[in-house]
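For the sequence shown, the working numbering begins at 401 and goes up steadily by one.
In this text, a Cβ means the ideal position worked out from N, Cα and C, and glycines have one as well.
Remember, it's a predicted structure, so these values are computed and weren't measured experimentally.
Each remark here refers to the structure printed beneath this line.
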Amino acid sequence: MENKYIIEIENLSHSYSKKIIYKDLNLKIKKGSIFGILGKNGVGKSTLINILMGYIKPKNGLCKIFNEPSHNLSVKAKKEIALLHEGFISYDFMSIKEYEKFFSSFYTNWDEKIFYELIDLMGFAYEQKLSTLSFGQKSQVVLGSLFAQNAKLLILDDYSMGLDAGYRRLFIDYLKEYIKEKEITVLITSHVMEDLVDLIDDFIIVQKGGEIYQNKINNFIKEFRCYEFNNEKIEKRLIHRVEEYKNNKKLYSFYDIKNLKELETTFEDKFLGFVGKY
Ligand SMILES: Nc1ncnc2c1ncn2[C@@H]1O[C@H](COP(=O)(O)OP(=O)(O)OP(=O)(O)O)[C@@H](O)[C@H]1O
């Protein structure tokens, strides 16, 4: 029977010397899903991607992509993964055209139309050297090359780095259309919550010390509420977090608390209410 999961993580534990990053994480990501890995700076999102790609050996546990162990992915499997890594290497000495040609040679399903579609949207000349592009513009060229790979798994680790609001929007809009047309699974990390709201289906929030929260985004938005709080007597088990700022208190909870006034919140408010701002 065909495996419906593209990524399987079993009993994963990892730490850097005494700092625990993951403890006994079990996670399965379904084919076709758009999955978010969320969390504050430094909790371990990139570490998880590095483990999945086989770049870091975890202290314990097993990760599989396309049914193959991460630490031993076949060339065929690697070709089906398009990875945007934080701090990608750019090929400054190449022109856009040379860059496209160079990368096309590695990927069997490469579609140059897709690459140039994005380049055209940005209005770059194909002969322009990457060294003459700004960091954000270079990021767009790299993102174009990821789409052109026509991979089965797209991993985007902090795609928004260096992109201004317009380029970010362009990228997210393009990604949404791309996903609709392809049979692709996407694993995405981002600090821009607004981009994720109508993009991802399921997500995890990674917290310090390896605590993991997992839910469907729609359920989280429905279930996790924010209330005005004036020290009313509330059962402890109903409280997720109380936040105080200049004598204003907010209470976050997964429960419907009738005697408190619910406040309107965005996904970002809820995320911050869940993890805490600082
Ligand atoms: N090779 C390493 N040796 C020691 N500590 C490391 C190493 N790599 C990462 N860390 C630490 O592990 C933690 C997780 O790092 P990681 O880069 O995975 O976080 P992240 O969630 O991706 O952060 P960000 O959102 O800032 O990109 C950080 O505290 C980092 O300093």
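Using three-state DSSP, classify residue i as helix, strand or coil.
i: His414; result: strand
i: Glu517; result: helix
i: Asn648; result: strand
i: Asp564; result: coil
i: Ile409; result: strand
i: Tyr455; result: coil
i: Leu638; result: helix
i: Met668; result: Residue 668 is actually Glu in this sequence, not Met. Helix, per DSSP.
i: Glu577; result: helix
i: Leu570; result: helix
i: Glu512; result: helix
i: Glu468; result: strand
i: Ser504; result: helix
i: Lys582; result: coil
i: Lys608; result: helix
i: Phe524; result: coil
i: Lys476; result: helix
The beta strand (DSSP E) with residue i in it runs from where to where?
i: Val557; result: Note that residue 557 corresponds to Asp in the displayed sequence, not to Val. Its beta strand (DSSP E) spans residues 553 to 557.
i: Arg641; result: 641 to 645
i: Gly461; result: 460 to 465
i: Lys538; result: Counting along the chain, Lys538 falls outside any beta strand (DSSP E), though it belongs to the alpha helix (DSSP H) covering 535 to 548.
i: Tyr613; result: 612 to 616
i: Leu596; result: Careful: Leu596 lies outside any beta strand (DSSP E), inside the alpha helix (DSSP H) at 593 to 596.
Name the DSSP beta bridge partners of residue i, please?
i: Asn403; result: Answer is none; Asn403 lacks a bridge partner.
i: Arg625; result: Ser653
i: Phe435; result: Leu587, Asp602
i: Ile420; result: Ser415
i: Lys529; result: Ser495
i: Lys430; result: Tyr405
i: Ala482; result: Leu554
i: Glu662; result: Tyr627
i: Leu425; result: Leu412
Between which two residues does the alpha helix (DSSP H) containing residue i stretch?
i: Asn450; result: 445 to 452
Nearest CA to the CA of residue i: which residue from the options?
i: Lys513; options: Gly544, Ser433, Tyr613; result: Gly544
i: Lys650; options: Lys661, Tyr627, Asn659, Glu635; result: Tyr627
i: Asn426; options: Ser413, Asn659, Ile420; result: Ser413
i: Lys582; options: Asp511, Phe493, Met494; result: Asp511
i: Tyr422; options: Asn450, Ile406, Tyr405; result: Asn450
i: Phe563; options: Val541, Phe493, Pro469; result: Checking the displayed sequence, the identity of residue 563 turns out to be Leu instead of Phe. Taking only the C-alpha atoms, the option nearest Leu563 is Val541.
i: Thr508; options: Leu533, Tyr516, Val475, Glu498; result: Val475
i: Leu655; options: Lys646, Ile634, Leu672; result: Reading the sequence as shown, one finds Tyr at residue 655 and not Leu. The shortest C-alpha separation from Tyr655 is found at Ile634.
i: Ser495; options: Lys677, Leu473, Leu530; result: Leu530
Using 8 Å as the limit for Cβ to Cβ distance, is residue i near chain C?
i: Lys649; result: The displayed structure is made up of one protein chain only, and chain C is not part of it.
Between the stretch 462 to 481 and the stretch 522 to 540, can you find at least three pairs of beta-carbon atoms closer than 8 Å?
no
State whether the stretch 545 to 554 contacts the stretch 492 to 510, with contact taken as three or more CB pairs (one from each stretch) at a distance under 8 Å.
yes
Three or more C-beta pairs closer than 8 Å, one from the stretch 551 to 563 and one from the stretch 520 to 527: is that the case here?
no
Hey, is the stretch 416 to 432 in contact with the stretch 617 to 632, meaning 3+ C-beta pairs nearer than 8 Å?
no
Tell me, please, whether the stretch 632 to 650 touches the stretch 448 to 459 by the rule of three or more beta-carbon pairs shorter than 8 Å.
no
Three or more C-beta pairs under 8 Å: does that hold for the stretch 595 to 602 against the stretch 401 to 410?
As far as the Cβ criterion goes, the stretch 595 to 602 does not touch the stretch 401 to 410, which means the pair count is below three.
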